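*Asks:*
Number of protein chains: 2
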Amino acid sequence: MNTPLHRADLEALRRVYLFSGLDDDEYLQAVSHATTLTLAPGQHLFSQGDPAEAFYWVAEGVIRLFRASPQGDEKVIDLVGQNRFFAEAVLFMGSRYPINASAQSHARLIAFDGNSFREWLAQDANRCFRLLAAMSARMHKLVNEIDRLTLMKGADRLLQYLLDHSDPDETGRHKVELEAPKQVIASRIGVKPETFSRLLHKLTDIGCVEMDGTTLYIRDPEAMRQTRIE
Amino acid sequence: MNTPLHRADLEALRRVYLFSGLDDDEYLQAVSHATTLTLAPGQHLFSQGDPAEAFYWVAEGVIRLFRASPQGDEKVIDLVGQNRFFAEAVLFMGSRYPINASAQSHARLIAFDGNSFREWLAQDANRCFRLLAAMSARMHKLVNEIDRLTLMKGADRLLQYLLDHSDPDETGRHKVELEAPKQVIASRIGVKPETFSRLLHKLTDIGCVEMDGTTLYIRDPEAMRQTRIE
DNA sequence: CGTGAGTTTGATTCGAATCAATGGAAGTGG
DNA sequence: CCACTTCCATTGATTCGAATCAAACTCACG
Numbered sequence: 146m147n148t149p150l151h152r153a154d155l156e157a158l159r160r161v162y163l164f165s166g167l168d169d170d171e172y173l174q175a176v177s178h179a180t181t182l183t184l185a186p187g188q189h190l191f192s193q194g195d196p197a198e199a200f201y202w203v204a205e206g207v208i209r210l211f212r213a214s215p216q217g218d219e220k221v222i223d224l225v226g227q228n229r230f231f232a233e234a235v236l237f238m239g240s241r242y243p244i245n246a247s248a249q250s251h252a253r254l255i256a257f258d259g260n261s262f263r264e265w266l267a268q269d270a271n272r273c274f275r276l277l278a279a280m281s282a283r284m285h286k287l288v289n290e291i292d293r294l295t296l297m298k299g300a301d302r303l304l305q306y307l308l309d310h311s312d313p314d315e316t317g318r319h320k321v322e323l324e325a326p327k328q329v330i331a332s333r334i335g336v337k338p339e340t341f342s343r344l345l346h347k348l349t350d351i352g353c354v355e356m357d358g359t360t361l362y363i364r365d366p367e368a369m370r371q372t373r374i375e
Numbered sequence: 146m147n148t149p150l151h152r153a154d155l156e157a158l159r160r161v162y163l164f165s166g167l168d169d170d171e172y173l174q175a176v177s178h179a180t181t182l183t184l185a186p187g188q189h190l191f192s193q194g195d196p197a198e199a200f201y202w203v204a205e206g207v208i209r210l211f212r213a214s215p216q217g218d219e220k221v222i223d224l225v226g227q228n229r230f231f232a233e234a235v236l237f238m239g240s241r242y243p244i245n246a247s248a249q250s251h252a253r254l255i256a257f258d259g260n261s262f263r264e265w266l267a268q269d270a271n272r273c274f275r276l277l278a279a280m281s282a283r284m285h286k287l288v289n290e291i292d293r294l295t296l297m298k299g300a301d302r303l304l305q306y307l308l309d310h311s312d313p314d315e316t317g318r319h320k321v322e323l324e325a326p327k328q329v330i331a332s333r334i335g336v337k338p339e340t341f342s343r344l345l346h347k348l349t350d351i352g353c354v355e356m357d358g359t360t361l362y363i364r365d366p367e368a369m370r371q372t373r374i375e
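Same order as they appear, the protein sequences are chains A and B. For the first sequence, the residue numbers in our numbering are 146 to 375. For the second sequence, the residue numbers in our numbering are 146 to 375.
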């Protein structure tokens, strides 16, 4: 289902770093080959090894990026929410996606055709610089991820994840809306669902966290940021 | 210790992807702000959080890139050997190195000044494309790394590492020269030294691998590539 | 209501870390 | 050249975190 871009998406996209500060011409040229597509919850977008012909921006919903092992286990590499790009790095690589992507929820995506976008980039080194910066940030995140997987225990990774995803709400408490079912978050932080459940309970027992269905509240984020769980 | 580039390095650098296919002018301009520096074994190059003013190419030796935990443990992210770049992604980021770098052995590096190099890049989108490609490849490697850390057991990661670093030698056997002390390789694949030792023995017991001090021989790489250790 | 996916809880197993000690190999200095 | 230190690798005993296996429980949905 490919259609032109909605008005609202055009405006939102223009504010993201990759496109900010462009004049009208430049911008319209950049998005001229972009199309909207809609995914149902669970719908598959691309698989590891598929030829990479486009990259994406999430206008609405959550996309699950994951690797699958030969045994059928899957490891969620990232959950990509609103206003974020994914798979943009692939445009300069072996031309194959290194991961799988599925819609975690109902989602609306903006797809950028790879060839057209490369042409657009090639016209101006400044445009490339934006992309380079975005990719650097992405790499930095991946290194952090490796670091956490090796240097931290499950409980620490969970806490870290919660802190990274918390927002102060009306009452001043720090709220975390889980962006996916718990088993998916579990895979994201690198533990099994059962372990995830237990870890979460440990955190509530200690008093770090209050749980209320799919939303959590963190008691004292600042104090916690240094904390190690024992 | 900063000195101009050696003749041999100039020629070798010219053959690497980032610079290949440039005319003399372009190339000389690219390396005009590059300097040679020499590190003694164990010498520190930069720390996580240091302002990033340069990136590097390894002319000789091995550089250890690593993260350190507050507890003092360190995780080796990568061992960068001859003819490879590192820290190039940082030029477009927060201007701080996200990792530590030390010389694992005696090493000769070519340092590229960040500002000058960015200027050089800015002159031509094609130059940026080379860098984008290099960074994509790097990201792909990081994703693989995460995948292995979460989806595979220690023995599998070790085997994988050995396969990735094996070369067929004169006799047709597949040889692996360990690029660093075993404890460092251990950290690289994400296990403790003691575990590394035990895993290596398990592999030799099974008959996958022959060990001879710092060099290893893999019996049947092709068969092994699919293998899971149980 | 039933059905089934997602979550929780409990008992058990397993992989790897930890703690502790021994065994080289390389390098230093008298 | 040998004693001595030091770093690195190995080996064994034990502990610990997390996976696995198995079973209940919850709750949204047809």
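Glycine included, every Cβ here is placed at the ideal spot set by N, Cα and C. None of the values given here were measured: they were computed from a predicted structure.
Give the DSSP-derived three-state secondary structure of B:N228 in the structure shown.
*Replies:* coil
*Asks:* Got a sec, what are the start and stop residues for the beta strand (DSSP E) B:I244 sits in?
*Replies:* That residue, B:I244, is in no beta strand (DSSP E); it is neither H nor E in DSSP.
*Asks:* To which residues of the same chain is B:A270 closer than 8 angstroms at the C-beta, ignoring the five residues directly before and after it?
*Replies:* none
*Asks:* Taking the beta carbon of B:K220 as the centre, do at least 16 other beta carbons fall within 10 Å, making it buried, or is it exposed?
*Replies:* buried
*Asks:* Name the two residues that bound the continuous alpha helix (DSSP H) containing B:E156.
*Replies:* 152–159
*Asks:* Taking Cβ positions only, does B:D350 come closer than 8 angstroms to chain A?
*Replies:* no
*Asks:* Below 6 angstroms CB to CB, which residues in the same chain sit around A:L259 once its five sequence neighbours on both sides are set aside?
*Replies:* For the record, residue 259 of chain A in the displayed sequence is Gly; it is not Leu. Here the set comprises E198, A199, L236.
*Asks:* Which of the three DSSP states, helix, strand or coil, is assigned to B:D301?
*Replies:* helix
*Asks:* In chain order, what residues of the stretch 237–268 of chain A put their CB closer than 9 angstroms to some CB of chain B?
*Replies:* Taking 9 angstroms as the upper bound on Cβ-Cβ separation, chain B lies near residues F237, M238, G239, P243, I244, R263, L266, A267, Q268 of the stretch 237–268 of chain A.
*Asks:* DSSP three-state call for A:T359: helix, strand or coil?
*Replies:* coil
*Asks:* Which partner residues does A:R318 have in the DSSP bridge list?
*Replies:* Answer is none; A:R318 lacks a bridge partner.
*Asks:* Cβ closer than 7 angstroms: which chain A residues qualify as neighbours of B:G335?
*Replies:* T295
*Asks:* With a threshold of 8 angstroms between beta carbons, is B:D292 in contact with chain A?
*Replies:* yes
*Asks:* Residues in its own chain within less than 7 angstroms of A:L150 by CB, not counting five upstream and five downstream?
*Replies:* Result list for A:L150: V176, A179, T181, I255, in chain order.
*Asks:* Taking C-alpha atoms, which residue in B:A185, B:L184, B:L155, B:R275 lies nearest to B:L173?
*Replies:* Comparing alpha carbon positions, the residue from B:A185, B:L184, B:L155, B:R275 closest to B:L173 is B:L155.
*Asks:* Under the DSSP definition of a beta bridge, which residues are partnered with A:I115?
*Replies:* As shown, chain A starts at 146 and ends at 375. That puts residue 115 of chain A outside it, with no answer to give.
*Asks:* Helix, strand or coil: which one does DSSP assign to B:P196?
*Replies:* B:P196 falls in the strand class under three-state DSSP.
*Asks:* Using the DSSP secondary-structure output, state which residues sit across from A:T349 in a beta bridge.
*Replies:* BP columns for A:T349 are empty, so no partner.
*Asks:* Could you tell me which chain A residues have their CB closer than 7 angstroms to the CB of B:S342, listed as they occur along the chain?
*Replies:* Within 7 angstroms Cβ-Cβ: nothing; B:S342 doesn't reach chain A, min ~18 angstroms.
*Asks:* I'd like to know whether the C-beta of A:H285 is nearer than 8 angstroms to at least one C-beta of chain B.
*Replies:* yes
*Asks:* Quick check on B:F164: does DSSP put it in helix, strand or coil?
*Replies:* coil
*Asks:* For A:T148, which residues does DSSP report across the bridge?
*Replies:* DSSP, once it has assigned bridges, lists A:T181 as partnering A:T148.
*Asks:* Need the endpoints of the alpha helix (DSSP H) that A:H102 sits in, please.
*Replies:* For chain A, the structure presents residues 146 to 375; residue 102 of chain A sits outside this window and is missing.
*Asks:* Three or more beta-carbon pairs under 8 angstroms between the stretch 280–297 of chain A and the stretch 241–251 of chain A, yes or no?
*Replies:* no
*Asks:* Listed from N- to C-terminal order along the chain, which residues in the stretch 181–215 of chain A have their beta-carbon within a distance smaller than 7 angstroms of any beta-carbon of chain B?
*Replies:* R212, S214
*Asks:* Would the stretch 308–319 of chain A and the stretch 356–365 of chain A be scored as touching if the rule is three or more Cβ pairs under 8 angstroms?
*Replies:* yes
*Asks:* To the nearest whole angstrom, what separates the beta carbons of A:I208 and A:V225, a pair I think is in contact under 8 angstroms?
*Replies:* 4 angstroms
*Asks:* From A:P215, A:H189, A:M284, pick the residue whose C-alpha is nearest to that of A:E233; which is it?
*Replies:* A:M284
*Asks:* So for B:L210, helix, strand or coil by DSSP?
*Replies:* strand
*Asks:* Tell me the residue span of the alpha helix (DSSP H) that contains A:L190.
*Replies:* That residue, A:L190, is in no alpha helix (DSSP H); its beta strand (DSSP E) goes 189–191.
*Asks:* Can the beta-carbon of A:L303 be found less than 8 angstroms from the beta-carbon of A:L345?
*Replies:* yes
*Asks:* Along chain B, in chain order, which residues have C-beta atoms closer than 8 angstroms to that of A:M280?
*Replies:* Chain B residues near A:M280: A234, F237, L277, M280, S281, M284.
*Asks:* Please work out which residues of its chain come closer than 6 angstroms, Cβ to Cβ, to A:Y306, disregarding the five sequence neighbours upstream and downstream, and give them in chain order.
*Replies:* Correct list, in chain order: I334.
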